[in-house]
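Take 0 as the starting number for the sequence shown in numbering that gives the first Met the number 0 and just add one per residue. A virtual CB, placed ideally from N, CA and C, is assigned to each residue, including glycine. Only a predicted model underlies this, so the values are computations on that prediction, with no experimental measurement involved.
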Amino acid sequence: MRLLAIDTSAAHCSAALYDADTLTQRLAPAQRRHGELIVGMMDELLQAAGLRAAELDAFAFARGPGSFTGLRIAAAVVQGAALAADKPVVGVSTLAALAQGCRRDTGAQRVLCALDARMGEVYAGAYTANAQGLMEALLDDRVCAPEAVAVPGGPGPWAAAGSGWQTYPEVLAAAVRAACGTGPASVEAERPCEAQDVAVLAAADYAAGALLDPADALPVYLRDRVTSSAAK
0 MRLLAIDTSA AHCSAALYDA DTLTQRLAPA QRRHGELIVG MMDELLQAAG LRAAELDAFA
60 FARGPGSFTG LRIAAAVVQG AALAADKPVV GVSTLAALAQ GCRRDTGAQR VLCALDARMG
120 EVYAGAYTAN AQGLMEALLD DRVCAPEAVA VPGGPGPWAA AGSGWQTYPE VLAAAVRAAC
180 GTGPASVEAE RPCEAQDVAV LAAADYAAGA LLDPADALPV YLRDRVTSSA AK
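Listed below in C-alpha cells is the structure:
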C-alpha cells in the first residue's frame, strides 16, 4: 500500500509517504506558510522515492479539528492531487493522529487530546489503543468549554496531549482527577499533529474500505461559527 498523507491543521506543516510499511516524513514550522510549503513537501517525498502520484493507492489528510484556514488548505490540496491522479482520499481526525503520535513516542494506552479552540473552548477527544496499537475514539470528538470535557473512566492512566493543556492545564487536569482519581500521567502540550500518524491511521482505514471521493474530502470544523480569531 502506498499513501501520501498531509497535515496543515496547526502551526506545523507535514507530509508523509507510507510505502509498504515504510514511513518517510517532512515536518517543519509553517508560520502561516502552509500553502507554500505542503506541495513542495509532497513533491519531495515522491521524487525521493522515485514515485509518481499515479502510483499511489490514495491520499490522506488531517481533516480537523484545527485551524480553519489550515484545514481548508489541506482539503483543497488533497482534492486537487487526488483528482489529478484519479485516486481516493482518506480523512483522519486531527485528534486521533495526535493521540497516535503520543502512543508512538510514549507507549500510552489512553490519550486525552485537547486543542485550544479559542473563544474559551477546546477541541477534545478521548482515545485508546486497540490490539493493533491504533488509536480508536472512546467518545466523539467535540468542541466544548474545558470544564465540560468528558473523561471516560476505566483502568489505566491517561496521557494528555495538545495545546489545550497549555491554555487550561488546571481545569483539564481536574476533569481527569474527577473521573479517575488521579491526574494525567504525562502532558505534552506542545506536541503537534504529524502526517506520519495520519498515514498510519489512514492505511488502516484504507484497508477497511473507508474511502472518500475527492469531492467529499472536506474539513471537519466541529464548530459552525467561523470568526477571524478562530481561523488563525
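Is Ala-194 closer than 9 Å to Arg-31 when the C-beta atoms are compared?
Your numbering for residue 31 matches position 32 in the sequence shown. Your numbering for residue 194 matches position 195 in the sequence shown. In this structure, Ala-194 does not lie closer than 9 Å to Arg-31 by Cβ.
Please classify Ser-185 as buried or exposed, where buried requires at least 16 neighbouring CB atoms within 10 angstroms.
Residue mapping note: residue 185 aligns to position 186 of the sequence shown, counting from 1. Ser-185 should be labelled exposed.
Measuring straight from C-alpha to C-alpha, what distance separates Cys-112 and Gly-34?
The residue given as residue 112 occupies position 113 in the sequence shown. The residue given as residue 34 occupies position 35 in the sequence shown. Taking the straight line joining both Cα atoms gives about 26 Å.
Ser-228 (DSSP reduced to helix, strand or coil):
On the sequence shown, residue 228 is found 229 positions in, with the first residue counted as 1. Model confidence at Ser-228 stands at a pLDDT of 36, short of 50, so the residue's coordinates are unreliable and nothing is read from them.
State yes or no: is the C-beta of Leu-97 within less than 9 Å of the C-beta of Ala-160?
Here residue 97 corresponds to residue number 98 of the sequence shown, with the count starting at 1. Here residue 160 corresponds to residue number 161 of the sequence shown, with the count starting at 1. Cβ distance < 9 Å, so Leu-97 and Ala-160 count as in contact.
Please return the same chain residues whose Cβ sits closer than 6 Å to the Cβ of Ala-107, not counting the five positions on each side in sequence.
One-based indexing of the sequence shown puts residue 107 at position 108. Closer than 6 Å at the Cβ level, and outside the excluded window around Ala-107, lie Cys-101 and Ala-158.
9 Å Cβ cutoff met for Ala-16 and Ala-203
Here residue 16 is taken as the residue at index 17 of the sequence shown, counted from 1. Here residue 203 is taken as the residue at index 204 of the sequence shown, counted from 1. Here the sequence assigns Leu to residue 16, which means Ala is not the residue at that position. No, these two residues do not count as a Cβ contact at 9 Å.
Just the Cα atoms here: how many angstroms apart are Gly-182 and Gln-131?
As a position in the sequence shown, residue 182 is number 183, starting the count at 1. As a position in the sequence shown, residue 131 is number 132, starting the count at 1. One C-alpha to the other measures close to 27 Å.
Is Thr-93 near Gly-119, with beta carbons less than 9 Å apart?
Residue mapping note: residue 93 aligns to position 94 of the sequence shown, counting from 1. Residue mapping note: residue 119 aligns to position 120 of the sequence shown, counting from 1. For Thr-93 and Gly-119, no; Cβs fall outside 9 Å.
Apart from the five residues just before and just after Ala-19, which ones in its own chain have a Cβ nearer than 8 Å to its Cβ?
Along the sequence shown, one-based indexing puts residue 19 at 20. Met-0 and Arg-1.
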